[in-house]
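*Asks:* Chains C and U, in that order, give the protein sequences. Okay, so the first sequence: first residue is 1 according to the working numbering, each after it adds one. Okay, so the second sequence: first residue is 1001 according to the working numbering, each after it adds one.
There are 2 protein chains.
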Amino acid sequence: MGQNEMLEQYKTKFAEHVKVLQDEISDELKDIDSSLELNQDIWERKDYEGNPGGGGITRAFTGDIIENAGVNTSLVHGAVSESFAKQIGGTDNTMWATGISLIIHPRNPRVPTSHANFRMIQAGEKYWFGGGADLTPFYPHEEDMRYFHQVWKDACEPYGHYAEWKKKCDEYFVNHHRNSEMRGIGGIFYDHYNSGDLESDFNMVVDISKHFLKSYIPIVKKRMNEEYTPEDEDFQLHRRGRYVEFNLLHDRGTHFGLKSNGRTDSILISLPARCKFSYAYRPNEGSVHEKMMENYYPKDW
Amino acid sequence: MGQNEMLEQYKTKFAEHVKVLQDEISDELKDIDSSLELNQDIWERKDYEGNPGGGGITRAFTGDIIENAGVNTSLVHGAVSESFAKQIGGTDNTMWATGISLIIHPRNPRVPTSHANFRMIQAGEKYWFGGGADLTPFYPHEEDMRYFHQVWKDACEPYGHYAEWKKKCDEYFVNHHRNSEMRGIGGIFYDHYNSGDLESDFNMVVDISKHFLKSYIPIVKKRMNEEYTPEDEDFQLHRRGRYVEFNLLHDRGTHFGLKSNGRTDSILISLPARCKFSYAYRPNEGSVHEKMMENYYPKDW
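1. Suppose the cutoff is 7 Å on Cβ atoms and the five residues either side in sequence are ignored; what does the same chain contact list for residue 1021 of chain U look like?
2. Which of helix, strand or coil does DSSP assign to residue 1301 of chain U?
3. Just the C-alpha distance for residue 9 of chain C and residue 180 of chain C, rounded to the nearest angstrom, thanks.
4. Which residues, in chain order, does the stretch 1166-1186 of chain U contribute to contact with chain C at a C-beta distance below 7 Å?
5. Excluding five sequence neighbours on each side, which residues of the same chain lie with their C-beta closer than 8 Å to the C-beta of residue 1233 of chain U?
6. Give every residue of the same chain whose Cβ lies closer than 6 Å to the Cβ of residue 1042 of chain U, excluding the five residues on either side of it in the sequence, and list them in chain order.
7. Out of curiosity, what's the CA-to-CA distance linking residue 107 of chain C and residue 38 of chain C?
8. Within a Cβ cutoff of 8 Å, which residues of the same chain sit near residue 117 of chain C, ignoring the five residues on either side of it in sequence?
9. Tell me whether residue 178 of chain C sits in a helix, a strand or coil according to DSSP, three-state version.
10. Note down, in chain order, every chain C residue with its Cβ under 9 Å from the Cβ of residue 1274 of chain U.
11. What runs of the alpha helix (DSSP H), each 4 residues or longer, lie entirely inside the stretch 1120-1194 of chain U?
12. Using the beta-carbon of each residue, which ones in chain U are nearer than 7 Å to residue 71 of chain C?
13. Since residue 1073 of chain U sits in a beta bridge, which residues does DSSP pair it with?
14. Residues in the same chain with beta-carbon distance under 7 Å from residue 82 of chain C, minus the five sequence neighbours each way, listed in chain order, please.
15. Helix, strand or coil for residue 1110 of chain U? Go by DSSP, reduced to three states.
16. Check whether the stretch 212-220 of chain C touches the stretch 1241-1261 of chain U, counting contact only when three or more Cβ pairs, one atom from each stretch, lie closer than 8 Å.
17. Just the Cα atoms here: how many angstroms apart are residue 1185 of chain U and residue 271 of chain C?
18. Residue 1080 of chain U versus chain C: which residues are under 8 Å apart at the beta carbon?
19. Answer with buried or exposed for residue 958 of chain U, where buried requires no fewer than 16 other C-beta atoms within 10 angstroms of its C-beta.
20. So is residue 1039 of chain U in contact with chain C if we call contact Cβ pairs under 9 Å?
21. Tell me the residue span of the alpha helix (DSSP H) that contains residue 223 of chain C.
22. Among all the DSSP beta bridges, which residues are the ones paired with residue 274 of chain C?
23. State the start and end residues of the unbroken alpha helix (DSSP H) segment that holds residue 1025 of chain U.
24. With 9 Å as the C-beta to C-beta threshold (strictly closer), list the residues of the stretch 95-110 of chain C near chain U in chain order.
25. Anything in the stretch 1007-1027 of chain U with a Cβ closer than 7 Å to a Cβ of chain D? List those residues in chain order, please.
26. What residues match up with residue 1041 of chain U in a beta bridge as DSSP calls it?
27. Look at the alpha carbon of residue 19 of chain C and the alpha carbon of residue 205 of chain C, and state the distance between them as a whole number of angstroms.
28. Does any residue of chain C have a CB that is nearer than 9 Å to the CB of residue 1029 of chain U?
29. When the Cα atoms are used, what is the spatial distance from residue 1015 of chain U to residue 1266 of chain U?
30. Under a CB-based cut-off of 9 Å, is residue 68 of chain C close to chain U?
31. If you scan the stretch 229-296 of chain C from start to end, which runs of the alpha helix (DSSP H) of 4 or more residues do you find wholly inside it?
32. Using the three-state DSSP reduction, which class does residue 203 of chain C fall into: helix, strand or coil?
33. For a cutoff of 9 Å on Cβ pairs, would you count residue 57 of chain C as touching chain U?
34. Of all Cβ atoms in chain U, is any one closer than 9 Å to the Cβ of residue 234 of chain C?
35. Suppose the cutoff is 6 Å on Cβ atoms and the five residues either side in sequence are ignored; what does the same chain contact list for residue 71 of chain C look like?
36. Could you give the first and the last residue of the continuous alpha helix (DSSP H) run that contains residue 65 of chain C?
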């Protein structure tokens, strides 16, 4: 089998994989929250030259336990503008990309928000993998935070990537305009990954991506019925405000999507249902929330 | 009197003017809302070389009628980076700027949000004026919207600038990623204004800036006790979400401030206390809010 043929085969396999993952994660959310309502949109797009350019499946969820969530996949391809081709480092004016992107904002502030993304991209002759997963807790449940990091350590360490990808995540999800405070407690992040061995890269990324449910769902189940205070919620809503600040001011994926004429509703599904902004917001002195703030900086878990 | 001396004199006068305006607007807000609490911060900054570079007076208000508001002035000066000097079109690596920037988010969705800004900038040998005022109503009180635009028309037409500045405003406050929907209904917007006659430019800008209270306060007084429905509030909170999207994704002033290492809390005072984001949000069919949406596009009032 030629190299091109093999690449095509793995592209198809990765596109299938993210859809399976989308179903698995959707099912798991429905299991957790029987009130969950699904708003699914299957959309198509045109490429830069107006030809059919693929599309996606957007699943927006709202419920009592999961206040809002998005579990999206897309497979897009076709012509891109020259400037866009340059930006993504392509060798011609075409691109192909598939991936899953998900965000889960639970209502209870004792349950963390989580985000993950796994994608495969081809631009001209180059291709690579990118993605990651990160957690945004609002309450210092030390064991939950350690657990999340441990799952991703176990997932990535066999491939020798944990330390690097953990660091990249700490460096990526940062509100530079807020004293370099992170939006959450990090996780893993990688981009432009291509070791030269497609089969092994594919297997690794598929394997790692399967850890999302394990990293997050047990935390949701453990905390979703935990009682919380109005102060917990107030802190959560303000931190969600910082989440919005990060996604709109700094997130490359959001800017990339909006600038490449992506589907706005699918991209901004990442924003929390409710949030708060207060001038010079700080949690109360001596509160558990003030203590929580210490976790929003790189830390060896 | 030499040209330089005259410029220095008008810079001082403009800095004084914006502080008077700050007091007048603050007083008016306190008159309207007796519950209003003020959180004032007087801050200083260093310039690019670490020397004293001026500062500002930030006034953050929260109350029952005015949910949150910011009425800020600043006077900053000193060395800037070469890239920043280029960006603002300066002739050397220094800048000087003073201005007032204000945002008022009333709680009652029948009362519009409003924003205004009046500034004078010097970069090397060049100086200019910039600013404007715009309204973001959430309910189609036709007479209020017409009134706001009429005041600014009356303010700017004597100087021959209304049509141009109204159009600039329609073009500026646009959520390009939301089908070019505006964040509100516009008003006026101008930048890099310098006719060559400093005295006349100064007098004009001061005169125009004095129209803010007249353009907005009568609307607040007329509507602040109007009863509203939960649907009105839901629409308002979602439109506030779009306000956040504009300010963080598109607003040049916000990006300029954050990138020039401005005071984050003072810059992001523009964000509303509470807001909502829902996937593919649309107001109910046939509702008054759906009708309101038609006003978020350029229109001859």
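Glycine included, each C-beta is placed from N, C-alpha and C at the ideal position.
*Replies:* In terms of the structure at hand:
1. 1100 and 1209
2. coil
3. 42 Å
4. 1177 and 1178
5. 1109
6. 1057
7. 16 Å
8. 99, 100, 101, 102, 130, 131, 132, 133 and 253
9. coil
10. 237, 274, 275, 276 and 277
11. 1142-1156 and 1162-1172
12. Correct list: empty, because the minimum Cβ distance to chain U is about 11 Å.
13. U:1057 and U:1100
14. 93
15. coil
16. no
17. 24 Å
18. Result: empty, since nearest Cβ-Cβ is about 18 Å, beyond 8 Å.
19. A query on residue 958 of chain U cannot be resolved here, the shown segment of chain U reaching from 1001 to 1301 and no further.
20. yes
21. 212-223
22. U:1276
23. 1003-1032
24. none
25. This model lacks chain D altogether; the protein chains it does include are C and U.
26. U:1058
27. 14 Å
28. no
29. 18 Å
30. yes
31. 230-245, 252-259, 264-267 and 288-293
32. helix
33. no
34. no
35. 22, 25, 26, 59 and 102
36. Counting along the chain, residue 65 of chain C falls outside any alpha helix (DSSP H), and DSSP gives it neither H nor E.
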